[in-house]
Structures are given as structure tokens and as C-alpha cells.
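Working notes, beginning with the structure itself.
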Amino acid sequence: MTAPVVEAIKLRKTYMLGKVPVEALRGVNLKIEKGDFLAVLGPSGSGKSTLLNMVGVLDKPTEGKVIIEGVDVSTLNDNGLADLRRRIGFVFQFFNLIPRLTARDNVELAMSIIGLSKNERKKHVEELLETVGLNERMNHKPSELSGGEQQRVAIARALANNPKFLLMDEPTGNIDSKTAKEIIGLIKRLNEEKGMTIIMITHDHHIASHAKRTVQMLDGWVKREVN
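Just so you know, our numbering puts 147 at position 141 of the sequence shown, and the rest follows in order with no gaps.
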């Protein structure tokens with residue numbers, strides 16, 4: 007039996023607000039299998055962004071474990087953690103593209119660990135941009151692209167290093183509803199046709215309804231599985 011792609015075990019995270027301890031996570035358990043599409047739904051302050059930071063190996067829990075493909079990340083040294091982060095595909099609400107670079111160059115820049123030749127990188131970039139529907143816009147800079155197109159570039163960039171999974175933080179939060187529908191359609195195709203494992207953080211019930219599974223967070227707890 008293969009290990010889950012991600013497993014969170016009794017995750018707790020306490021921050022200090024001045025001298026006052028704030029419990030952001032209060033013992034979260036979560037398991038994501040290969041090919042899953044999980045939405046983590048909750049209002050601001052529910053702990054979902056803190057959970058994202060733990061699962062994305064951007065922060066360490068106060069207690070508990072994050073296990074990725076059978077490896078307890080707390081056992082990794084700094085180099086091991088850095089390598090693991092490069093193998094997680096991050097997509098954020100704000101696209102974080104480099105303004106002076108074209109869509110093609112933004113994606114190619116992310117190919118830091120694959121070890122491909124220049125020709126192989128060029129081919130891989132073109133395949134990724136075609137996958138997200140931007141094969142005719144790859145030589146445009148971010149200022150020449152719509153919000154939805156910029157998010158598509160960001161998704162292609164997240165796929166550049168053949169990630170273990172995609173971690174999406176409010177991926178439709180900075181675009182209009184029509185474009186959001188198109189982006190969700192793309193995310194679903196990546197999951198259903200490419201078998202990509204996806205964890206999506208959102209506060210929007212409608213957006214969450216497109217996932218295969220939804221867990222609802224409140225006050226640092228996983229309150230319930232919605233479907």
C-alpha cells in the first residue's frame with residue numbers, strides 16, 4: 007500500500023501576539039492520497055493558511071508531524087527541506103510573476119532542479135503553456151496578459167518541476183467570477199486528466215464545491231468533511 011502524498015498528524019501551531027499565545031492550529035489531522043483534489047474551506051482566521059504553511063514546508067508546527075510521501079519532514083536538514091519545497095507546486099492569489107519576463111521565461115526560470123538541456127527546457131515550457139491554454143501568448147509579458155492569463159502562467163510555473171502536489175492558496179481570489187470559472191475548469195482538468203494531486207485553500211463555498219473532497223476549518227480545527 008502506497009503512502010499518502012501528504013499526511014498531517016495532530017498539527018498544532020501557537021503564535022505569540024505580544025505576550026498572548028494564539029492557537030492557529032489545535033490538533034489537525036488530514037490525509038491526502040495521490041490524485042486527490044481537496045478543498046480546505048474556512049473563513050479568515052480559521053487556520054487554513056497556517057495549515058498551508060505547514061503542508062508546504064514553509065513553517066514548522068509547534069507540535070505534530072507533516073509526512074510527505076512517507077517522509078517525516080522534521081527529519082530533514084535545511085538542504086533536504088529546500089529541495090522538498092522546490093518539488094511542491096505553489097499557486098497563490100497574487101500571481102507573483104516577474105514583470106520584465108515573458109510568460110515563457112517566467113516558467114523556464116522555475117526549472118531550477120530538473121537538469122534539462124536548453125532545448126529540453128524550451129520543449130517542456132511550450133508543453134506546459136499549451137496545457138494551460140497559453141500557447142499563443144507565451145511571448146507576452148505579464149502587463150500584456152489578463153488576470154486569468156497571468157494565473158495560468160503561474161499554474162504552468164508551478165508545474166515546471168514535476169511537483170509531488172499542487173498547493174493553491176485562493177487561486178481565484180484576485181480574478182473576476184467568469185475568469186474564476188475558467189481557472190477552476192483548468193484545475194479540474196489537471197486533476198482528472200493528468201492525475202495531479204491538488205490541495206486548494208479557499209473561503210468560497212462555490213469554488214470548494216468543485217473539489218472531490220472538502221474539509222471545513224474553524225478556529226484551528228478541521229470541523230468536518232463537507233462531502
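The beta carbon of each residue, even a glycine, is placed where N, CA and C say it ideally should be.
Rounded to the nearest angstrom, what separates residue i and residue j at their Cα positions?
| i | j | result |
| --- | --- | --- |
| residue 84 | residue 64 | 12 Å |
| residue 71 | residue 150 | 43 Å |
| residue 124 | residue 87 | 27 Å |
| residue 69 | residue 121 | 36 Å |
| residue 54 | residue 144 | 33 Å |
| residue 93 | residue 208 | 22 Å |
| residue 129 | residue 163 | 14 Å |
| residue 210 | residue 47 | 7 Å |
| residue 219 | residue 105 | 35 Å |
| residue 51 | residue 45 | 16 Å |
| residue 180 | residue 157 | 9 Å |
| residue 137 | residue 160 | 12 Å |
| residue 167 | residue 132 | 14 Å |
| residue 254 | residue 135 | The chain is shown from 7 up to 233; residue 254 falls before or after that span and cannot be answered. |
| residue 78 | residue 152 | 40 Å |
| residue 222 | residue 175 | 15 Å |
| residue 111 | residue 146 | 10 Å |
So for residue i, helix, strand or coil by DSSP?
| i | result |
| --- | --- |
| residue 182 | coil |
| residue 78 | strand |
| residue 19 | strand |
| residue 14 | strand |
| residue 229 | strand |
| residue 64 | coil |
| residue 191 | helix |
Between residue i and chain D, is any beta-carbon pair separated by less than 8 Å?
| i | result |
| --- | --- |
| residue 200 | The question asks about chain D, but that chain is absent: this structure has only one protein chain. |
Could you check where the beta strand (DSSP E) with residue i kicks off and where it finishes?
| i | result |
| --- | --- |
| residue 173 | 171-175 |
| residue 70 | 69-74 |
| residue 33 | 26-38 |
| residue 222 | 219-224 |
| residue 45 | 43-47 |
Would you kindly report the start and end of the unbroken alpha helix (DSSP H) that includes residue i?
| i | result |
| --- | --- |
| residue 86 | 84-92 |
| residue 208 | Residue 208 -> not in any alpha helix (DSSP H); beta strand (DSSP E) instead, spanning 204-208. |
| residue 9 | First-last for residue 9: undefined, no H or E at that position. |
| residue 55 | 54-61 |
| residue 212 | 211-214 |
Would you check whether the ligand ADP has a heavy atom nearer than 7 Å to the C-beta of residue i?
| i | result |
| --- | --- |
| residue 23 | The ligand content of the structure shown is nil, which means the ligand ADP is not present either. |
### Query
Does the pairing of the stretch 180-197 with the stretch 14-22 give three or more beta-carbon distances under 8 Å?
Two segments are said to touch when three or more pairs of C-beta atoms, one from each, lie closer than 8 Å; by this definition the stretch 180-197 does not touch the stretch 14-22.
### Task
Please confirm if the stretch 19-39 is in contact with the stretch 49-64, defined as three or more CB-CB distances below 8 Å between the two stretches.
By the Cβ criterion, the stretch 19-39 is in contact with the stretch 49-64, since at least three pairs of Cβ atoms, one from each stretch, lie closer than 8 Å.
### Query
Quick one: complete alpha helix (DSSP H) runs, 4+ long, within the stretch 88-169?
List check, alpha helix (DSSP H) in window: 109-115, 124-137, 153-164.
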